[in-house]
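Numbering (our numbering), first residue to last: 5 to 762.
Okay, structure first, notes after.
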């Protein structure tokens with residue numbers, strides 16, 4: 005079995021090797037490093053030794069070659085002159101000299117003769133050239149010198165670390181600490197990149213004897229001993245532990261009220277005088293927040309007075325900032341004013357800092373009064389407004405109107421601040437939105453272009469506030485075609501949610517007005533609305549978006565302020581396509597899904613105030629006030645009219661208070677039906693009309709409508725439509741109920757009798 009393999013019963017060799025067989029060659033540390041394999045501490049140590057050995061060999065070879073070059077092989081006894089021989093004799097004499105093997109080069113055959121330096125003057129000293137390095141060996145020489153300096157520094161660093169490691173070993177430290185020092189020394193010597201620093205809990209270092217003693221202790225004793233070590237490391241450890249124990253009992257629901265009051269009083273005594281040190285820890289800060297949230301007399305005042313000088317520092321802290329929130333939430337108006345006053349002179353730094361900006365936003369948005377909000381915003385205009393505050397709330401437009409010379413300086417300060425905030429979480433705050441809106445309304449064209457370029461990818465994040473939506477409108481109006489494309493793409497998957505926003509929906513309306521790339525708008529926004537049309541139509545803000553797609557800037561649906569706001573973008577320099585073409589393409593994308601949904605859910609939509617007007621807006625013919633010619637296929641219109649006629653077949657019970665009113669008596673449904681019947685006058689006999697569908701009802705059903713005034717007006721509108729089938733159906737219904745109509749005194753009954761009698 006020389007092959008080193010074990011034979012199985014079937015004659016096939018087994019993969020199991022016999023002891024003493026041929027071993028697989030294991031890669032050394034140098035090969036592992038070339039392959040990119042991570043090295044363990046042992047391989048790092050071996051690699052360090054190998055590199056030191058290679059460096060020593062290189063230095064030895066360099067010294068040998070230098071000595072060989074400095075010592076002459078032969079010299080003349082007279083005058084020490086160098087002897088030069090012909091190339092042939094030089095080669096013959098050099099036959100006995102052992103030379104290193106040289107590389108073959110392509111130009112070697114072109115040399116006519118060679119010369120060899122047989123003797124050298126000892127008085128000549130060799131020095132490095134000070135000439136400017138070119139693209140040859142001089143540049144390489146400087147690189148070698150730089151590498152040599154780095155190696156020397158690494159060796160010194162390694163030596164220092166090894167000395168520290170020896171000192172730690174002399175004190176019998178734990179093995180883990182020595183291993184970390186060795187790893188640091190190896191990495192410093194090898195020249196690898198330093199590892200990424202990972203924050204970890206500080207470890208308690210103990211000696212080997214102490215470690216053995218701890219392992220021999222029972223668990224409870226060991227835990228108590230470690231607690232003592234932590235107490236030595238943390239000066240407030242005992243106080244923090246006591247606070248947490250009391251806090252656990254206070255917040256427990258099983259603790260009686262009397263005992264809880266005693267515990268609160270005891271906890272206040274422990275915390276008093278030490279709150280400044282306890283508030284910045286992740287655990288004890290919760291204890292102080294709990295005290296602030298408890299409604300106990302004197303506790304909040306005591307904590308506020310002790311921590312009042314720390315307000316700005318706490319606002320920037322990861323954990324202590326929540327205590328400032330509690331002071332704003334549970335404090336008195338005087339305490340809230342003190343907090344806002346403490347922010348004076350620090351508003352800019354707080355807004356740039358992540359935690360501080362959240363506290364500033366909370367105070368600005370929820371608890372500051374008009375004067376305090378004005379002072380906070382004014383401080384962001386420039387440093388001078390920190391010291392010279394206006395006595396009353398004032399806007400940026402008023403400041404510029406009073407002193408136009410201040411405008412350039414204010415714009416520069418705001419631009420510098422906003423460029424730092426654009427890429428930070430503070431961009432989502434309402435304070436930032438107000439600052440951006442005022443900046444874009446008063447800045448120059450160049451400044452506006454730069455700001456839009458910085459905001460184009462984050463427009464969707466700021467549209468939830470009024471000022472943020474106005475900032476987004478400026479980006480849509482004045483952005484280039486490329487920037488508009490990025491803005492529209494950012495709404496992909498968020499179109500329905502944006503429709504539900506009170507202010508965010510205005511941005512979608514501006515996109516419908518200005519963006520010429522309707523294919524992209526349909527793909528990213530309108531198609532999402534069509535796919536989830538129910539969620540949009542049933543929302544009080546979303547239905548306005550569908551109204552705009554159907555009838556842009558309809559005065560019946562949009563207030564004057566909204567129309568004036570959207571009109572500001574009509575004169576932008578980027579839009580080239582005709583508005584009517586843009587609106588028609590967008591309506592074509594959403595019309596089919598909308599009409600299908602209306603026909604299927606007519607009974608629910610027709611009796612609601614907002615959705616009933618949408619039905620009327622969609623089905624009525626386009627008039628002069630429409631921005632484009634809205635077309636609806638006859639098949640889809642017919643399905644909607646059939647759904648209305650089906651609802652009209654329900655039994656009519658006048659003034660039915662137990663159930664919902666009938667279609668002809670309900671205020672929303674009768675309003676829609678009446679206006680749709682009036683629009684039938686403009687349609688030809690070949691077109692689909694609602695009066696023709698209602699004429700399919702029986703005479704008894706139509707005659708029952710005469711029992712109420714609104715029903716009489718519905719029949720009157722059917723008669724006025726001029727369609728022969730509808731006129732005949734109304735005449736039969738009136739004839740069958742003439743005696744009853746003559747007994748009514750309502751205006752509708754009188755007009756209906758007069759119209760049909762003629």
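Backbone N, C-alpha and C fix where the C-beta goes; we use that ideal spot for every residue, glycine too.
Please read these numbers as outputs of a predicted model, since none were measured by experiment.
Residue i in three-state terms, based on DSSP
i	result
residue 185	For residue 185, the pLDDT reaches just 47, beneath the cut-off of 50, and the residue's location in the model is therefore unreliable, although a value from the coordinates is still provided. Residue state, collapsed to three classes: helix.
residue 748	coil
residue 325	helix
residue 764	The requested residue 764 does not occur in the structure, where the chain is confined to residues 5 to 762.
residue 577	coil
residue 247	helix
residue 492	helix
residue 221	coil
residue 767	The structure shown does not extend to residue 767, since the chain is modelled only from 5 through 762, so no value can be given for it.
residue 61	helix
residue 587	helix
residue 426	coil
residue 504	coil
residue 359	helix
residue 288	helix
residue 737	helix
residue 447	coil
residue 484	coil
residue 103	Any answer about residue 103 is weak, because its pLDDT of 49 lies below 50 and its placement is not dependable; what the coordinates show is given next. Looking at residue 103 - three-state DSSP - the assignment turns out to be coil, as it is neither helix nor strand.
residue 270	helix
residue 636	coil
residue 517	helix
residue 97	Note on residue 97: pLDDT 40, under 50, position unreliable in the model; no value is reported.
CA-to-CA distance, residue j to residue i, given in whole angstroms
i	j	result
residue 741	residue 713	14 Å
residue 254	residue 323	21 Å
residue 436	residue 422	8 Å
residue 159	residue 413	54 Å
residue 650	residue 607	9 Å
residue 843	residue 579	The first residue shown for the chain is 5 and the last is 762, placing residue 843 beyond what the model contains.
residue 381	residue 528	36 Å
residue 218	residue 163	34 Å
residue 683	residue 467	39 Å
residue 552	residue 646	26 Å
residue 39	residue 593	57 Å
residue 664	residue 670	8 Å
residue 167	residue 220	32 Å
residue 511	residue 753	49 Å
residue 463	residue 576	19 Å
residue 558	residue 565	13 Å
Beta-carbon spacing of residue i, residue j below 7 Å
i	j	result
residue 321	residue 284	yes
residue 397	residue 376	no
residue 706	residue 694	no
residue 332	residue 279	no
residue 620	residue 677	no
residue 489	residue 465	no
residue 637	residue 711	no
residue 241	residue 234	yes
residue 300	residue 268	yes
residue 485	residue 537	no
residue 329	residue 291	no
residue 487	residue 526	no
residue 632	residue 584	yes
residue 672	residue 613	yes
Assigned exposure category for residue i - 16 Cβ within 10 Å defines buried
i	result
residue 286	exposed
residue 587	buried
residue 337	exposed
residue 58	exposed
residue 256	exposed
residue 42	exposed
residue 719	buried
residue 744	exposed
residue 225	exposed
residue 749	exposed
residue 622	buried
residue 424	exposed
Near the ligand HEM: residue i beta-carbon under 6 Å from a heavy atom
i	result
residue 231	This structure lacks the ligand HEM, and indeed carries no ligand of any kind.
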